[in-house]
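Enquirer: Protein chains in written order, with our numbering: chain X, 1 to 216; chain S, 1001 to 1165. Got a structure here, written out as structure tokens. Questions coming.
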């Protein structure tokens, strides 16, 4: 991503002196996801350099660097939460496939020949769902102290519904990456843990509520 | 006169004899009779005094005896009164104690009743809890194992609809 942005800025040396509409026009040639384009469109040169330094510093010294409220990191997080999330879910669904088949699925999902797309494919192919989610949430916690969101269901939720749930949660917590877990004890429905609260629509809670009500 | 002399009667001697007798009488009266009389008088006086004193003492004794009798009677009356008071006090105390015992008995019975009631409630609640736990277990066992996959998937979608309301 840094490489792609750097190459873009080398080719557009006067980018930061342009107006927002000119920036938007110039960014059309940049083959990066929407959050990075929005970031570059709204950012100025000084902030970009400062935040790029923060990002690079975090890569080399993750424990000592301060990335809190870094907008470039926020753009990275937004990308992971928005468009990468569903790709990760699809890649996770193909976990039972062979490596070649998974690579094909991922190739279809993340097309493109640039370094960014290639890195994403490698990330999806070589890392587990849990690893990716843990890393993204750790980053979200570090950058914006985003709450940890878990969606529990008794069976695997289909991708369409997962997408809807993600989109809904994104409006509320744009930097939190919801984790989908299977908990067969729920019997039916689902349960969402977010920011210290629980929204429980599970059957188990209904059964327990019913039995506790009849016990009164 | 001579004839008297011849007879051996001598007037002079008679005179002297009379004088001697007189002297003796005077001496006796003066030295014996009068002190004896005086002594007798004194003795009589002492006896009279003693009698009088004895009378006084007897009167005083009688008075004391009467006073003592009165005192005894008064004390006896007071004692009887005290005894009556004591008896009344004892009776009151007895009634009070009986009342306290009755109250304590009632309280104990109430407490025991309450404890029995509480224990009964606890046992009932425990039983209800056990029944509910068993019911929950049975319901969960049925629901967990007998619900078709399709229904579970639908339940997830329904929950999503419910969540969005």
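Quick reminder that beta carbons are idealized off the backbone N, C-alpha and C, glycines included. All figures in this text were calculated on a predicted structure; none of them were measured in a lab.
1) Flag residue 1124/S as yes if its beta-carbon sits less than 9 Å from any beta-carbon of chain X, otherwise no.
2) Whole alpha helix (DSSP H) runs in the region 122-193 of chain X with 4 or more residues, listed along the chain?
3) Listing by chain order, which chain X residues have their CB less than 7 Å from the CB of residue 1153/S?
4) Going along chain X, which residues have a C-beta under 7 Å from residue 1121/S?
5) Name the DSSP bridge partner or partners of residue 1049/S?
6) Under 7 Å Cβ to Cβ from residue 51/X, same chain only, skipping five residues before and after it: list those, please.
7) With a threshold of 9 Å between beta-carbons, can residue 1166/S be considered close to chain X, or not?
8) Please go through the same chain and pick out, in chain order, the residues whose beta-carbon is closer than 8 Å to the beta-carbon of residue 141/X, but skip the five residues on each side of it.
9) Looking at the C-beta of residue 165/X, does it have a partner C-beta in chain S at a distance below 9 Å?
10) Does the distance from the C-beta atom of residue 119/X to that of residue 105/X stay below 9 Å?
11) Measuring only the C-alpha atoms, how far is residue 166/X from residue 1140/S?
12) Residue range of the alpha helix (DSSP H) that residue 47/X falls in?
13) Listed in chain order, which residues of the region 1131-1164 of chain S have Cβ atoms closer than 9 Å to some Cβ of chain X?
14) Below 8 Å between beta carbons is the criterion; list the residues of the region 188-208 of chain X that meet it against any residue of chain S, in chain order.
15) For residue 208/X, collect the residues of the same chain with a Cβ closer than 8 Å to its Cβ; drop the 5 residues on either side in sequence, then sort them by chain order.
16) How far does the beta strand (DSSP E) with residue 67/X in it reach, from first residue to last?
17) Under 7 Å Cβ to Cβ from residue 1032/S, same chain only, skipping five residues before and after it: list those, please.
18) Using 8 Å for Cβ pairs, my map puts residue 193/X next to residue 77/X. What's the rounded Cβ distance?
19) In the DSSP assignment, find the beta strand (DSSP E) that holds residue 1147/S and state where it starts and stops.
20) I need the DSSP call for residue 1023/S, collapsed to helix, strand or coil.
21) Can you pull the chain S neighbours of residue 161/X, defined as C-beta to C-beta under 8 Å?
22) Any idea what DSSP makes of residue 10/X, helix, strand or coil?
23) Terminal residues of the continuous beta strand (DSSP E) containing residue 198/X?
24) Just to confirm the assignment, what range does the alpha helix (DSSP H) spanning residue 87/X have?
25) Is the shortest distance between the beta-carbon of residue 120/X and the beta-carbons of chain S less than 9 Å?
26) When you compare each of 125/X, 83/X, 87/X, 74/X to residue 97/X by their alpha carbons, which one comes out closest?
27) From what residue to what residue does the alpha helix (DSSP H) around residue 41/X run?
28) Starting from residue 103/X, follow the alpha helix (DSSP H) in both directions and report where the run begins and ends.
29) Step through the CB atoms of chain S and report whether any lies within less than 9 Å of the CB of residue 184/X.
30) Taking contact to mean 3 or more Cβ pairs, one atom from each stretch, closer than 8 Å, check whether the region 52-63 of chain X and the region 84-93 of chain X are in contact.
Expert: Let's see:
1) Along the second chain, one-based indexing puts residue 1124/S at 124. No, its Cβ sits nowhere closer than 9 Å to a Cβ of chain X.
2) 129-144, 159-172
3) For the purposes of this step, residue 1153/S is taken as residue 153 along the second chain, with counting starting at 1. Ordered by position in chain X, the residues that pass the 7 Å Cβ test against residue 1153/S are 155.
4) Indexing the second chain from 1 puts residue 1121/S at position 121. What residue 1121/S touches in chain X: nothing, since even the nearest Cβ is about 13 Å away.
5) The residue you call residue 1049/S lines up with position 49 of the second chain. Bridge partners of residue 1049/S: none, in fact.
6) Along the first chain, one-based indexing puts residue 51/X at 51. Same-chain partners within the cutoff: 70, 71, 72.
7) No statement about residue 1166/S is possible, as the shown extent of chain S runs from 1001 to 1165 and does not include it.
8) Position 141 of the first chain, counted from the first residue, corresponds to residue 141/X. These residues qualify, in order along the chain: 148.
9) Residue mapping note: residue 165/X aligns to position 165 of the first chain, counting from 1. True, the Cβ-Cβ gap to chain S drops below 9 Å.
10) Taking the first chain and counting its residues from 1, one reaches residue 119/X at position 119. Taking the first chain and counting its residues from 1, one reaches residue 105/X at position 105. Their beta carbons are not under 9 Å apart, which means residue 119/X does not touch residue 105/X by this criterion.
11) Counting from 1 along the first chain, the entry for residue 166/X is found at position 166. Counting from 1 along the second chain, the entry for residue 1140/S is found at position 140. Going by the C-alpha atoms only, they are around 30 Å apart.
12) Your numbering for residue 47/X matches position 47 in the first chain. Looking at the DSSP string, the run of the alpha helix (DSSP H) that includes residue 47/X is 45-60.
13) 1131, 1132, 1133, 1135, 1136, 1139, 1140, 1143, 1144, 1147, 1149, 1151, 1152, 1153, 1154, 1155, 1156, 1157, 1158, 1159, 1160, 1162, 1163, 1164
14) 188, 189, 190, 192, 199, 201, 202, 203, 204, 207, 208
15) By one-based count along the first chain, residue 208/X stands at place 208. No residues qualify anywhere along the chain.
16) Stepping through the first chain from its first residue, residue 67/X is reached at position 67. Run containing residue 67/X: none; DSSP gives neither H nor E here.
17) Position 32 of the second chain, counted from the first residue, corresponds to residue 1032/S. Within the same chain, residue 1032/S has no close Cβ partners at all.
18) Along the first chain, read from residue 1 onward, the residue named residue 193/X stands at position 193. Along the first chain, read from residue 1 onward, the residue named residue 77/X stands at position 77. Contact flag wrong, Cβ pair sits at about 19 Å.
19) Sequence index remark: in the second chain, residue 1147/S carries index 147 (1-based). Taken as a continuous stretch (DSSP letters only), residue 1147/S belongs to no beta strand (DSSP E), as it is neither H nor E.
20) Taking the second chain and counting its residues from 1, the one referred to as residue 1023/S is at position 23. Helix, per DSSP.
21) Position 161 of the first chain holds residue 161/X. Within chain S, the residues near residue 161/X are 1156, 1157, 1160.
22) Reading the first chain from its first residue, position 10 is the one you call residue 10/X. Helix at residue 10/X.
23) By 1-based counting over the first chain, the position of residue 198/X is 198. Start and end: 197-200.
24) Taking the first chain and counting its residues from 1, one reaches residue 87/X at position 87. Its alpha helix (DSSP H) spans residues 85-93.
25) Working through the first chain from its first residue, we reach residue 120/X at position 120. So, not an interface residue.
26) As a first step, residue 97/X must be located in the first chain, where it is residue number 97. Cα-wise, what sits closest to residue 97/X is 125/X.
27) Position 41 of the first chain holds residue 41/X. Unbroken alpha helix (DSSP H) run through residue 41/X: 34-42.
28) By one-based count along the first chain, residue 103/X stands at place 103. Its alpha helix (DSSP H) spans residues 99-109.
29) By 1-based counting over the first chain, the position of residue 184/X is 184. Yes - at least one Cβ of chain S is within 9 Å of the one on residue 184/X.
30) no
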